[in-house]
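> Here you go, one structure.
Chains as they are written, first to last, in my numbering: chain A, 2 to 379; chain B, 1192 to 1444.
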C-alpha cells in the first residue's frame, strides 16, 4: 500500500470553480480534508467541478466527503459535477448516497431540556414508589410462602438451607471476627481517652459492653452480611434469571420463592443471630485486650467491671434485632435478584442497588428500634 | 496465486489448551476479496481459529500472516485494517450505538467531532438500521439489531478484512437471510475479504465463495462442489445430510 496523504486544490475559471482532489481519501486522512470540503459551500461560485482523477484510493469515509460536498452545494443551488470518477469509486459514492437517502426523511426531534428534566424527576419518583409497592408485595408473598412451608416442614429444603448457612454464616466467621475485634480495639481506645479526663478509665468497660452488645455488634455484622451475602443472593438469583433457570423452575411446577428465596432468608435468620453473638465476643475480646494493654487496670479488675455491664437485657436488646435485619437483607437481596431482566447487563446495577437498599433498611430499622426501646424505657 | 492475492496465510498452526490439542499443523490461506466460510463440528475450534488469527489466542506453534505481516509483531496499522463482529455483537453496554461506532475512530484517528458523528450515522444507515438507532443503548435493541450495530462498529474504520463469528446464529430465517444479503452487498461494494465462522448452511450456500472444513485438527479448503465430492465421513454427512440437501436445493446449486 503506497501511502500518500489526500489533498484538494481549488482554482477559479470564470464562473466555474474547479476543485482537484488526489491522494488517499481514506478514513486515516479525511480529518484533514473535512474542513476544506465544508468550505466549498462558501466559495460563491455557481458551478463546481470536482476533478477526482488524482484520487488513488477511496473508502466510505472519503466517499462521504465527496457526496456531502455535492449534497450541501445542491442545497444552496449550486450544481457540482464529478469528473474523471473511477467507476469503482463512483459505486462507493452511490452506496453512501443510498445510505444517506434512507435516513434523510426523518428529522430528529430535539427534546426540550427543561421538559426532559421534569420528565426525569417524575420518572424517578414514580419508579421509587413502584419499587416500594413491589417490595411490600414481595414481603407478603415471602411471609405467606414461609407460613405454608412451616405447616409442611418437608418443604423447607434442609439441604439447600444448610448449604446457604455454610456460605452466609460459617464462611463469614473470619471477616466478621477480624473486623469486630478491630472495632473493639478502637472503641476501647477512644472510650479510655475520654474517660481518663475524669479519672474514670475503669468505666471504659461499661461503655464498651453497652455499645457492643446493644448496637455495634449486630449493626456491623448485619452490614457485613448485606455486603457479602445480600449481594451474592442478587447475583446468584440474577444469573439464574438470565439463564431462564427461574422460568424452568416455574414450568416444572416448583415455586421459585420456595426453592430459591426461602432457603436463603431462613439461612440468614439462623446465621445472623449466631454471627451477632460471635461478633459481640470478638469485639469484647478486642476491647479488653486494648484496655488492659493501655490502661492502668489489671485484667481481673477490667473483666469484673465488664461482667457487671454484660447484662442479659443488653445482650437481648442487640440480639432481638438480628433476625429482623436478617430478614430485610435476605428479602432485598432475593427481590433484586428476581428483578433481573432478560440480559446480564442489569445484574451489576441491581447488585449495587441491593446492597445499598439493604444497608439503608437495616439502619432505618435500627433507628426505629432505638426509638421503641427509649419509649419503653428499656 | 501471487503473494498480492493472499491476505491471510496460516502455516503450521498448533493451538492447545492444557493437554487438549485443538489444531495441529493447520494451514490456511484466504484470498483477497473472497468470502470464506469456516465450518466444523462443535468443539473443533472454529471460533478458536478466528480468535487465534485476530490475536486473542496465542498459538503454540506456527505463523499467521495478515496483509503480509506476522501477527505476532502486528502493528496497529494492520490491526485496524480488520473488523470483527462477535457472536452477540459485543457492543459496549454503557455507550449508545453511535458512540460504539465512534470508539475505534476516537482511538485510532483524529477526526473532527462533527465528521465522526456523520460517519457513524452513515455506518448505521449502511447496515440498514433506522436513524433513531444511533442514540439508543444496546439493551434497547433486538438481537438482530445488535448484530447490525456490531457490524457497523466492525466497519467503522473501513477494514480490508471482516471477521464474523456465527453472524446469523439466533436470528430468524428471514432476518438471517437479510443479514446474509447485507454481508454480501457490503462485501461486494466495499471490496472486503470476509472470514466467517458459521453453522448456517443457508449462509454457506448463499454467500461463501470457498468453505474451510475443520476436520482432524486441520482444514480442508474448497468450494461447495468440491466438498460435495469429498469422501471424509464427517464432510459427507455434513454436506449430504437432510438439512444440507434442503439448503443446497433451495439455492439452486
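Note that CB positions come from ideal geometry on N, CA and C, so glycine has one too.
1. I think residue 170/A touches residue 319/A, with their Cβ atoms under 8 Å apart; what is that distance to the nearest whole Å?
2. Which residue marks the beginning of the beta strand (DSSP E) containing residue 1273/B, and which one marks its end?
3. Would you please state the rounded distance, in angstroms, between the beta carbons of residue 328/A and residue 266/A? I believe it to be under 8 Å.
4. For residue 1338/B, name the three-state secondary structure that DSSP assigns.
5. With a cut-off of 8 Å, does the C-beta of residue 41/A fall near any C-beta of chain B?
6. Using beta carbons (cut-off 8 Å, strictly below), is residue 1186/B in contact with chain A?
7. Whose Cβ in chain B lies nearer than 8 Å to the Cβ of residue 125/A?
8. List the residues of chain A that residue 1303/B touches, going by C-beta distances under 8 Å, in chain order.
9. Is it buried or exposed, residue 1/A, if we count other Cβ atoms within 10 angstroms and call 16 or more buried?
10. What would DSSP say about residue 191/A, mapped onto helix, strand or coil?
11. 8 Å is my cut-off, CB to CB: does residue 1370/B come that close to chain A?
12. Please decide whether residue 1317/B counts as near chain A, where near means a Cβ-Cβ distance under 8 Å.
13. Are the segment 133 to 150 of chain A and the segment 246 to 265 of chain A in contact at 8 Å, needing three or more beta carbon pairs?
14. Taking just the CA atoms, how far does residue 1297/B sit from residue 1437/B?
15. Counting C-beta neighbours from all protein chains within 10 Å, is the total for residue 90/A 16 or more, i.e. buried, or is it exposed?
16. Under a CB-based cut-off of 8 Å, is residue 1300/B close to chain A?
17. Anything in the segment 14 to 27 of chain A with a Cβ closer than 9 Å to a Cβ of chain B? List those residues in chain order, please.
18. Is residue 17/A helix, strand or coil when you go by DSSP?
19. Considering only residues of the segment 52 to 115 of chain A, which uninterrupted alpha helix (DSSP H) runs meet the minimum length of 4 residues and lie entirely inside it, listed in chain order?
20. Looking at the structure shown, is residue 199/A part of a helix, part of a strand, or coil, going by DSSP?
21. Does the segment 337 to 352 of chain A come close enough to the segment 195 to 209 of chain A to have 3 or more Cβ pairs within less than 8 Å?
22. Return no unless some Cβ of chain B is closer than 8 Å to the Cβ of residue 60/A.
23. Listing by chain order, which chain A residues have their CB less than 7 Å from the CB of residue 1349/B?
24. Quick one: measure Cβ to Cβ for residue 1272/B and residue 1258/B, integer angstroms, because I've assumed they're closer than 8 Å.
25. Could you compute how far the alpha carbon of residue 1428/B sits from the alpha carbon of residue 1217/B?
26. Shorter than 8 Å from the beta carbon of residue 1333/B to some beta carbon of chain A?
27. Determine which residues share a DSSP beta bridge with residue 1211/B and list them.
28. Residues in the same chain with beta-carbon distance under 6 Å from residue 94/A, minus the five sequence neighbours each way, listed in chain order, please.
29. Alpha carbon to alpha carbon, how far is residue 36/A from residue 76/A?
30. Please report the distance separating the alpha-carbon of residue 293/A from that of residue 375/A.
31. I want to verify the contact list: residues of chain B whose CB lies under 8 Å from the CB of residue 386/A, in sequence order.
Taking the coordinates as given:
1. Incorrect: roughly 17 Å between the Cβ atoms, too far for contact.
2. 1273 to 1276
3. 6 Å
4. Of the three classes helix, strand and coil, the one that applies to residue 1338/B here is helix, per DSSP.
5. Residue contact check for residue 41/A against chain B: no CB pair falls below 8 Å.
6. Because chain B here runs from 1192 to 1444, residue 1186/B falls outside it and cannot be looked at.
7. What residue 125/A touches in chain B: nothing, since even the nearest Cβ is about 18 Å away.
8. 32, 35, 36
9. Shown here, chain A extends from 2 to 379; a query on residue 1/A therefore has no answer.
10. It is helical.
11. no
12. Taking 8 Å as the CB threshold, residue 1317/B lines the interface with chain A.
13. yes
14. 46 Å
15. buried
16. yes
17. 27
18. DSSP places residue 17/A in strand when its eight states are reduced to three.
19. 61 to 76, 88 to 105
20. If DSSP states are grouped into helix, strand and coil, residue 199/A belongs with coil.
21. no
22. It does; some Cβ of chain B falls within 8 Å.
23. 27, 28, 60, 61, 62
24. So it is a contact: roughly 6 Å between Cβ atoms.
25. Within the model, the alpha-carbon separation for residue 1428/B versus residue 1217/B is close to 22 Å.
26. No - not a single Cβ of chain A is within 8 Å of the one on residue 1333/B.
27. Residue 1211/B is bridged to 1208/B.
28. 64, 67, 68
29. 18 Å
30. 32 Å
31. In the structure displayed, chain A extends from 2 to 379; residue 386/A sits before or after that span and is not available.
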